[in-house]
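Protein chains in written order, with this note's numbering: chain A, 16 to 456; chain D, 57 to 350.
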């Protein structure tokens, strides 16, 4: 009796402990079988989709509208949201493990399209997008689609676009009798005049953090005629590129707030919203941080202007910051496309844009209803910028993160007072090596 | 009767099995796998398989300026933090060891930084170090000093990070030293009193030598941890500005999860692992030697 008890006890103990150990290793997702399909009006009745979004106002807006989609199609849609940085890591790990979930996910085309596409994590969408005439794919802005194109293949549908613009303080400019700067020289002049560090008023605020600043210097470089790379050749140390970066570095070094080297956009727009900077340059999409009275002390005084012109004119970036794309391993691609088509249809883009998410459909921007969410000046500047602009704000290679760190170092060194030419020469060499390595494969 | 006998005979293996399995699965396997990946080039791609490159990752690292600057940053940060923590930790332990009213309350207070979530604390320090409105500069201005840039300055960033680490981990050294203090015999002190020794003499000639083994253990535990510091640095500077606070751990993370160079990241981690292992073995050897000589 005693022996038996002991044996039972042993077995139970061991299996319990080992089971506990192994439980952490499994990660299986129950596969779902479609319920028998008979209602032909709802061809996807009973299908289940997993969508992953960033913690972004667009994701929130879509989440609210998903029940409409579910009612229309009979699908069941599970929406998960993650912070920007965690999103990439989560997706990377899942895709490396060959996961069929999520079916559809939000991604940052300029940062991730090339690498994800190369790694086989993205389903090319050309056939889907052009299949439906109703969908009207040509309605999307050319530059926005350009951001989502790798090797001639469509990697995603643009959902959020952004343009580089100049934010300014109406009240300060008016008081000082300074007109809104239209050129780089005027901007530097105005920033200098309004810079008054003793009273904690700084001429110009923008990103100074290594990696974060790279997309911001792009417009400065383009507007002087510079570029990150041309073909397979790194062009960081051309006269034009250096001129653009030098302007940016000078603005931050001489007229910027203290501690700028550690600022990404939240800190930089924070300085502006606290009323401590006269000018602020960044993407238009984050304007609410400056115009929302709950976040900003100067909500009523924010002006929006076209990006100032350099030697080559005003050439700000005009890009897709977020796109929607499909997992190439998705078990039900037609259902996944059905969702994407719905989420990026004219009707839904209008609805999300009304909530302040600047979309990529030109017809929505031309629709007076489409701009109700935005201040008038903002809508005008955005529409104007959308006509031209450059479709990338980052170098177009696979390893964008590494390139960002190489390029960002030039500007950080310049802000710290080192020689920009030497820094650019050094970075150009490293950047060229990176490009060569990728082409070699 | 047979199975029971089998169980009885192998009981010692059976009961240790879960722990052994855990170590094998969660520690030994990942380490060996990391060593394996370190000989490959791999971007986590599903379509392009890992490519065998032999020692190329290692030689690339050894000629990489960023690697060497991260080695330097790791050591400057670790040694600086460790020295300050040991001196302060022992001092605080001596103060708290004496009897006074509210002793337990003060002790608990001192332990709080260690218990708090590091990333949350990193964010708090980010605000403290904010150059225009942060608490650190407000305090400096109150005392009539010039404000500093703290973590936003390439020159001050390591020192600023050391301050955070010292704030967070000094209590751990104090805790261990206090435990050591309570085991010290009373007789030597009585003898010293009879001989008329001053408080300082007692500290330097009695307490410190007798505490030496305890302090070495505390330093060793802390050393392993401080070399691996990640959370504090990542949540405040991510290695910036100008990569001046990029330690081995941060660089490894960047290589792996931002540049997707899994092979290179793994070889860095293998070197790092060897480094920590070597230092730990050295400390163990030192401790044995010192214990023998005491």
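Beta carbons are placed, not taken as given, at the ideal position from N, Cα and C, and that holds for glycine.
Does the CB of residue 215 of chain A have a neighbour CB from chain D at under 8 Å? yes
DSSP state of residue 136 of chain A mapped onto helix, strand, coil: coil
With 16 other CB atoms within 10 Å as the buried threshold, where does residue 383 of chain A fall? exposed
Go ahead and pull the three-state DSSP assignment for residue 169 of chain A. strand
What in chain D is Cβ-close to residue 130 of chain A, meaning under 8 Å? 99 and 316
So, is the C-beta of residue 225 of chain A closer than 8 Å to a C-beta in chain D? yes
Comparing the C-beta of residue 129 of chain D with each C-beta of chain A, is any distance below 8 Å? no
Three-way DSSP call (helix, strand, coil) for residue 311 of chain A in this model: coil
Starting from residue 335 of chain A, trace the beta strand (DSSP E) both ways and give me its first and last residue. 333-341
What residues of chain A sit near residue 133 of chain D, judged by a beta carbon separation below 7 Å? Within chain A, no residue comes near residue 133 of chain D; the closest Cβ sits about 17 Å away, beyond 7 Å.
Does residue 125 of chain D come out as helix, strand or coil in the three-state DSSP assignment? helix
Just checking: is the beta-carbon of residue 104 of chain A within a distance shorter than 8 Å of some beta-carbon in chain D? yes
Whose C-alpha, out of A/189, A/197, A/193 and A/172, is nearest the C-alpha of residue 181 of chain A? A/197
Would you say residue 444 of chain A lies against chain D (beta-carbon separation less than 8 Å)? no
So which residues of chain D does residue 133 of chain A contact, with C-beta pairs closer than 7 Å? 101
So, residue 424 of chain A versus residue 437 of chain A, is the Cβ gap smaller than 8 Å? no
Hey, residue 157 of chain A and residue 238 of chain A are a contact pair by Cβ (cut 8 Å); roughly how many whole angstroms apart? With 8 Å as the limit, residue 157 of chain A and residue 238 of chain A do not qualify as a contact, their Cβ atoms being about 20 Å apart.
Determine the extent of the beta strand (DSSP E) in which residue 121 of chain A is found, giving its start and end residues. 119-122
Can you pull the chain A residues whose beta carbon is under 7 Å from the beta carbon of residue 207 of chain D, in chain order? 277
May I ask you to report which of helix, strand or coil DSSP gives residue 150 of chain A? coil
For the alpha helix (DSSP H) that residue 289 of chain D lies in, which residues bound it at each end? 287-292
Across which residues does DSSP place residue 108 of chain D in a beta bridge pair? D/96
Closer than 9 Å at the beta carbon, the chain D residues around residue 291 of chain A: 188
What residue range does the alpha helix (DSSP H) around residue 91 of chain A cover? Residue 91 of chain A -> not in any alpha helix (DSSP H); beta strand (DSSP E) instead, spanning 91-97.
Assigned exposure category for residue 300 of chain D - 16 Cβ within 10 Å defines buried: buried
Any idea if residue 315 of chain D is buried or exposed, counting beta-carbon neighbours within 10 angstroms, 16 or more meaning buried? buried
Run the CB neighbour count on residue 227 of chain D, radius 10 Å, all protein chains shown included, and call it buried at 16 or more, exposed below. buried
Using a cut-off of 7 Å between C-beta atoms, extract the partners of residue 447 of chain A located in chain D. Those do not exist, as residue 447 of chain A stays about 16 Å from chain D at its closest Cβ, beyond 7 Å.
Among the candidates D/113, D/150 and D/85, whose CA atom is the shortest distance from the CA of residue 321 of chain D? D/113
Supposed contact pair residue 220 of chain D and residue 288 of chain D - C-beta distance, whole angstroms, cut 8 Å: 5 Å
Are the region 292-308 of chain D and the region 209-217 of chain D touching by the rule of at least three beta carbon pairs closer than 8 Å? yes
The region 291-305 of chain D: positions lying closer than 9 Å to chain A by Cβ: 292, 293, 294, 295, 296, 297, 298 and 299
Is DSSP giving residue 296 of chain A helix, strand or coil here? strand
Measure how close the beta-carbons of residue 327 of chain A and residue 341 of chain A come, nearest whole angstrom, since I'm counting them as under 8 Å. Actually they do not touch by this definition, with Cβ atoms about 37 Å apart.
So which residues on chain A does residue 313 of chain D lean against when the C-beta distance must stay under 7 Å? 104
Give me the residue from A/179, A/114, A/363 and A/132 with the minimum Cα distance to residue 122 of chain A. A/132
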